[in-house]
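Numbering (my numbering), first residue to last: 12 to 92. All C-beta atoms in this analysis are idealised placements derived from N, C-alpha and C, irrespective of residue type, glycine included. The structure under discussion appears below in the form of structure tokens.
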């Protein structure tokens, strides 16, 4: 299975959080540089380290964690905006 995030450029944690907020997700809590995000029943953790891009494997894992609530390929659709 091929995910849209694998073919697109990397993204920072801060930018990914902004995308998730636009999609209606809410920040549940933050512990250090790790932010816990909830979208409906789905929950994931987004690391926000200053200026660092998230690795492609981590981006795919976050995409999989939230695809039940946001739909398959949500990250690719959101990044094309």
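Length of the line joining the Cα atoms of residue i and residue j
| i | j | result |
| --- | --- | --- |
| residue 66 | residue 40 | 22 angstroms |
| residue 63 | residue 23 | 6 angstroms |
| residue 33 | residue 68 | 23 angstroms |
| residue 59 | residue 38 | 13 angstroms |
| residue 71 | residue 31 | 14 angstroms |
| residue 25 | residue 48 | 12 angstroms |
| residue 51 | residue 76 | 12 angstroms |
| residue 81 | residue 61 | 26 angstroms |
DSSP bridge partner residues for residue i (one or two, in chain order)
| i | result |
| --- | --- |
| residue 37 | 49 |
| residue 59 | Answer is none; residue 59 lacks a bridge partner. |
Residue i vs residue j beta-carbon contact at 8 angstroms
| i | j | result |
| --- | --- | --- |
| residue 53 | residue 79 | yes |
For residue i, the first and last residue of its enclosing alpha helix (DSSP H)
| i | result |
| --- | --- |
| residue 72 | 67-81 |
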